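Here is the structure we will look at.
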Amino acid sequence: MKAKRVTGMLLASALALSLFTGCGSGSSENEGGTKEFTAFYAVPGAEINDDNEIQQIIAEKTGVKVDETWLTGQTASEAVGTLIAGGDYPDFIDGGDAMGQLYEAGALVPLDDYLDDYPNIKAYYTDEEWNKLRRDDGHIYWIQQFQNVKGEEKATTHNDEAFWIQTRVLEWAGYPEVNTLDEYFDLLESYMEANPTMEDGTENIAYTILCEDWRYYCLENAPQFLDGYPNDGSVIVDPDELKVIDYNTTDTAKRYFQKLNEEYKKGYVDPESFTQTYDEYIAKLSTGRVLGMVDQWWDFAYNVNDSLKQQGLDEKGCSYVPLPITIDEGIKNQWHCSGGVMNSGSGLAITTSCKDVEGALQFIDDLLSQDIHNLRFWGVEGVDYEVNDDGLFYRTEEQRKQAADTAYKASHLCSYSYFPNYKGTSDDGINANWPDDQPDEFFDSLNSAVQRCFKAYGAETYVDMLGTNETPGPWYPMYSFSGTMTTSTPGGVAWTKMGEIKHEYLPRTVMANDFESEWNTYMKAYEGCNPQDFLDEMQAELDRRMKEAAKFE
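In my numbering, the protein residues as written are 1 to 553.
Right, dumping it as structure tokens:
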């Protein structure tokens, strides 16, 4: 999936070893009786202050505090590789798309024999869902912590991938129907011709692309959606034939990259697209000058939206909404699927360096209790939110501003975001588990530009902008398997090579003077990766998942 950057690993080792020094010492107890664990997540993230107020409240209630560290200056594979080489781990870990490496290294504790002792953890998934997390040795090693829906689903935000566009573009054009790839870029072009700069003279950017490391999905996987399929991530699954299809070689894939090539040559694709880092990309979006891009909401919105709000750029139409883009008219889009999506290929694990596995699991169990969950995502009653006479949670405008303030978040808020959590509805049957899923709170928190946009399209939420589809089948999503592949199998070798070739050649195809020639060169190099080995293993996994699902019918 990613290039094996041996040199990068060697250069980063000193930094990583200093970062993880002491991680494997296991839990410790400070003078106040609070047990302290360590955690590492192989994704970039914002660290909170040592004296964070809600973290302290959670510590008082649970007797546990977790020192969390995040990925800096490395890929997930590099960071995890360094840990494996040293043999010393934090207590908790989410290795991202390097979880397979941790599993193969024997670095993780099997959780099977513990689950019955922790009711909140046990209830987090059904038996069928827990079964999906089993590895090939029959054991469960991690808990997938995201997109778990409790009670009634209250999805207001499309947390997934889409073609995003700023509301100012849609408002300027009179809120037109934009359903195809050509219509999307035609609109961006028209707006740029009429509005080359922002009010302060800053030059607008029509379209940018994030290509760094694993996030190059922002460039490469749109063809599956453009053909009307949901996010299986690494392949298309024909739901009738139950066969995998390679979206990299479809006619739609060629048309999509040819369109990007045309837009690049016209000057509408950001020339920094193929060199910018994730941090540079987020900083660029935060200026408000980027009109559109493909990305996952969770990858950009939580940083960018707060920044736009603090600058007042949200009210000027710089917030993003998703559009139901397909390659041609008449194709039903499946950008959004209802229900939680379990990525069984990664999650939160407890490592063999942890000296108190029971204590670590008890903390996870406590975090899933409703009162602690409310603290994590709503905050402190009377400080971060209010409760009306009907028991409904809401925020004042001042509280919303606080929740978006970087300094306030670091000093006060503590969501333990990479521990298991729930979407959906609270145990009280009234409130959403997350503020942005509370219907009234969600709409009141929107800036006026997004509110006008929703009204124009007859929408009440981001989800309404796309429409909702049922989860396609028990195999879904297939990326939860490809994300665990290593070079220990022919399919894993092919998958790694395919990623390397796409990283190398797709930017070239977008920037090429002669697209047809460059595309043919790319296809030849791609076929040299033996993608059929990968497809065969994906098909075998699809067949296995269908067979396992049949056991629970």
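Cβ atoms here follow ideal geometry from the backbone N, Cα and C, with glycine treated the same way.
Source: prediction; values computed, not measured.
Length of the line joining the Cα atoms of residue i and residue j
i: tyrosine 408; j: alanine 283; result: 20 Å
i: methionine 511; j: asparagine 261; result: 6 Å
i: glycine 391; j: valine 450; result: 28 Å
i: isoleucine 325; j: phenylalanine 163; result: 7 Å
i: asparagine 148; j: proline 196; result: 43 Å
i: glutamate 381; j: leucine 115; result: 32 Å
i: valine 304; j: valine 43; result: 17 Å
i: aspartate 189; j: alanine 206; result: The sequence shown places glutamate at residue 189, not aspartate. Going by the C-alpha atoms only, they are around 7 Å apart.
i: isoleucine 165; j: alanine 98; result: 32 Å
i: proline 472; j: methionine 538; result: 17 Å
i: tyrosine 216; j: aspartate 389; result: 48 Å
i: glutamine 55; j: tyrosine 89; result: 23 Å
i: asparagine 159; j: tryptophan 297; result: 5 Å
i: cysteine 218; j: asparagine 120; result: 36 Å
i: serine 480; j: glutamate 541; result: 10 Å
i: valine 294; j: threonine 406; result: 25 Å
i: histidine 336; j: threonine 461; result: 12 Å
i: glycine 22; j: isoleucine 364; result: For glycine 22, the predicted structure reports a pLDDT of 37, less than 50, and the residue's modelled location is therefore unreliable. A value from the coordinates is still provided. Those two C-alpha atoms are separated by around 22 Å.
i: aspartate 543; j: aspartate 240; result: 13 Å
i: serine 415; j: threonine 489; result: 38 Å
i: arginine 376; j: alanine 46; result: 15 Å
i: glycine 267; j: leucine 308; result: 25 Å
i: tyrosine 118; j: tyrosine 281; result: 41 Å
i: glycine 345; j: glutamate 199; result: 45 Å
i: asparagine 231; j: valine 169; result: 27 Å
i: aspartate 270; j: threonine 208; result: 5 Å
Residue i - DSSP class collapsed to helix/strand/coil
i: glutamate 171; result: helix
i: serine 25; result: Annotation note: pLDDT 43 at serine 25 (below 50); position unreliable, coordinate value reported separately. It is helical.
i: glycine 424; result: strand
i: phenylalanine 419; result: coil
i: tryptophan 142; result: strand
i: isoleucine 282; result: helix
i: isoleucine 147; result: In the sequence under discussion, the amino acid at residue 147 is glutamine, which differs from the isoleucine named in the question. In this structure, glutamine 147 counts as coil in the three-state DSSP scheme.
i: glycine 188; result: The residue asked about is misnamed: residue 188 is leucine in this sequence, not glycine. Note: leucine 188 maps to helix in three-state DSSP.
i: glutamate 36; result: strand
i: lysine 432; result: Per the sequence shown, the amino acid found at residue 432 is alanine instead of lysine. Alanine 432 falls in the strand class under three-state DSSP.
i: glutamate 441; result: helix
i: valine 463; result: helix
i: glutamate 220; result: helix
i: serine 234; result: coil
i: tryptophan 297; result: helix
i: alanine 550; result: helix
i: arginine 215; result: helix
i: cysteine 337; result: strand
i: alanine 46; result: coil
i: alanine 155; result: coil
i: isoleucine 57; result: helix
i: arginine 452; result: helix
i: valine 178; result: coil
i: glutamate 203; result: strand
Cβ separation of residue i and residue j, assumed to be a contact under 8 Å, to the nearest whole Å
i: tyrosine 422; j: lysine 61; result: In fact, because the Cβ distance is near 18 Å, the residues do not count as touching under 8 Å.
i: alanine 410; j: asparagine 49; result: 5 Å
i: phenylalanine 419; j: leucine 466; result: Not a contact, Cβ separation roughly 29 Å.
i: proline 531; j: glycine 233; result: Incorrect: roughly 15 Å between the Cβ atoms, too far for contact.
i: glycine 100; j: threonine 496; result: Rounded, the Cβ-Cβ distance is 11 Å, inconsistent with contact.
i: leucine 153; j: glycine 312; result: The question names leucine, but residue 153 is glutamate in the sequence shown. Contact flag wrong, Cβ pair sits at about 33 Å.
i: histidine 373; j: glutamate 53; result: In fact, because the Cβ distance is near 17 Å, the residues do not count as touching under 8 Å.
i: serine 445; j: arginine 400; result: 5 Å
Reference residue i; option with closest CA among the options
i: alanine 194; options: Ala173, Ala550, Asp213, Leu506; result: Ala173
i: threonine 72; options: Gly429, Trp475, Lys254, Thr277; result: Thr277
i: glycine 33; options: Ala46, Gly45, Phe40, Lys65; result: Lys65
i: alanine 456; options: Asp384, Val321, Glu263, Val80; result: Val321
i: arginine 545; options: Asp136, Glu358, Asn52; result: Asp136
i: glutamate 548; options: Trp475, Thr489, Glu500, Arg395; result: Trp475
i: asparagine 333; options: Thr208, Gly424, Tyr229; result: Tyr229
i: proline 144; options: Thr468, Gly429, Thr509, Leu348; result: Residue identity check: residue 144 is glutamine in the sequence provided, not proline. Taking only the C-alpha atoms, the option nearest glutamine 144 is Leu348.
i: phenylalanine 92; options: Leu413, Thr352, Cys414, Glu504; result: Thr352
i: aspartate 35; options: Ala59, Glu47, Ala85; result: Before going on, a small fix: residue 35 reads as lysine here, not aspartate. Nearest of Ala59, Glu47, Ala85 to lysine 35, Cα basis: Ala59.
i: leucine 210; options: Leu285, Gly429, Lys265, Val237; result: Leu285
i: tyrosine 191; options: Leu181, Gln258, Asp182, Asn204; result: Asn204
i: aspartate 182; options: Asp444, Thr468, Ile327; result: Ile327
i: glycine 491; options: Trp378, Leu111, Ala155, Phe534; result: Phe534
i: tyrosine 394; options: Glu315, Thr425, Phe442; result: Phe442
Neighbour flag for residue i against chain D, beta carbons, 8 Å
i: aspartate 366; result: Structure shown: chain D not included; a single protein chain is present.
### Inside the segment 61 to 130 only - alpha helix (DSSP H) runs reaching at least 4 residues
76 to 86, 99 to 104, 119 to 122
### Message
Please give me, in chain order, every unbroken run of the beta strand (DSSP E) with length at least 3 that falls completely inside the segment 339 to 416.
### Response
348 to 350
### Task
Return the chain-ordered ranges of every beta strand (DSSP E) run that is complete within the segment 240 to 286 and spans a minimum of 3 residues.
243 to 245
### Task
Go through the segment 480 to 548 residue by residue and report every complete run of the alpha helix (DSSP H) that reaches 4 residues or more, in order.
490 to 511, 515 to 527
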